[in-house]
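J.: Below you will find the structure I want to go over with you.
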């Protein structure tokens with residue numbers, strides 16, 4: 003969500019909705035479906051990570067059934083990449099957020115395009131920005147919800163962050179966590195309470 007805040011060009015009021023501040027992962031598709039119902043004349047583009055998609059994807063099916071088309075851009079970073087980043091940023095080592103770091107019996111990856119198609123949507127996998135641009139044009143012409151899945155970097159982000167009041171352990175043996183706690187306490191001193 004932070005990438006959207008930094009990179010999405012909002013042209014008018016009422017054209018951007020983000021669950022970022024309340025961390026309601028899984029809201030994206032249901033929120034997009036609701037936005038399309040509220041104003042069927044607008045194109046609705048939903049950006050969602052693979053982790054949030056797996057939390058709540060049934061409204062892909064709902065959108066197909068009701069004819070409320072959305073374009074879903076699924077950014078596949080192999081798990082909960084944003085949560086992993088936040089975990090690392092607060093001094094912790096990666097733990098069970100990326101599939102590759104999780105303790106699993108059999109590491110399986112979801113074919114998100116086939117998953118969306120199984121619910122009646124259309125979709126395709128793309129491998130580059132130029133392929134994404136071409137797929138987006140096809141999605142705009144489609145008669146129903148269209149999912150475009152693209153693999154994205156797990157650890158690479160657009161620079162420029164803001165302080166976020168997310169708790170950090172007060173006691174830890176990790177020096178990175180202790181430093182994050184110090185930084186967090188300094189950030190709290192600058193926080194504008196009630197704003």
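In this note's numbering, the protein residues as written are 3 to 197. No residue lacks a Cβ here, since even glycine has one placed at the ideal position from N, Cα and C.
Output needed for residue 87: all residues of its chain with C-beta closer than 8 Å, excluding positions within five of it in sequence on either side, in chain order.
T.: So the qualifying residues of the chain are 157, 159.
J.: Quick check: the stretch 122–131 against the stretch 48–56, are at least 3 beta-carbon pairs closer than 8 Å?
T.: Verdict: no, contact absent.
J.: If you draw a straight line from the C-alpha of residue 58 to the C-alpha of residue 32, how long is it?
T.: So the two alpha carbons sit approximately 8 Å from each other.
J.: Less than 7 Å separating the beta-carbons of residue 147 and residue 92?
T.: No, they are not a contact pair.
J.: How far does the beta strand (DSSP E) with residue 107 in it extend, from its first residue to its last?
T.: Residue 107 -> no beta strand (DSSP E), and no H or E assigned at all.
J.: Should residue 55 and residue 76 be called a contact, given that it needs their Cβ atoms to be closer than 7 Å?
T.: Yes, Cβ-Cβ distance for residue 55 and residue 76 is below 7 Å.
J.: Going by C-alpha to C-alpha distance, which of 117, 171, 154, 27 sits closest to residue 89?
T.: Selected option, being the one with the closest Cα: 171.
J.: Between the stretch 176–186 and the stretch 93–106, can you find at least three pairs of beta-carbon atoms closer than 8 Å?
T.: Taking 8 Å as the limit for Cβ pairs, the verdict is that the stretch 176–186 does touch the stretch 93–106.
J.: Buried or exposed for residue 151, please, with buried defined as at least 16 other CB atoms from any protein chain shown within 10 angstroms of its CB.
T.: Residue 151 comes out buried.
J.: Let me check understanding here. Comparing Cα to Cα, which of 107, 37, 97, 17 lies closest to residue 81?
T.: The shortest Cα separation from residue 81 among 107, 37, 97, 17 belongs to 97.
J.: Roughly how many whole angstroms lie between the Cα atoms of residue 161 and residue 129?
T.: Cα to Cα, residue 161 sits roughly 23 Å from residue 129.
J.: Could you tell me whether the Cβ atoms of residue 195 and residue 149 are closer together than 7 Å?
T.: In this structure, residue 149 does not lie closer than 7 Å to residue 195 by Cβ.
J.: Name the residue from 26, 68, 104, 190 whose alpha carbon lies nearest to the alpha carbon of residue 167.
T.: The option with the nearest alpha carbon to residue 167 is 190.
J.: Under the three-state reduction of DSSP, which class applies to residue 135: helix, strand or coil?
T.: Three-state result, residue 135: helix.
J.: Under the three-state reduction of DSSP, which class applies to residue 130: helix, strand or coil?
T.: Reduced to three states, the DSSP call for residue 130 is coil.
J.: Quick one: what's residue 75 bridged to in DSSP?
T.: 49, 150, per the DSSP bridge assignment.
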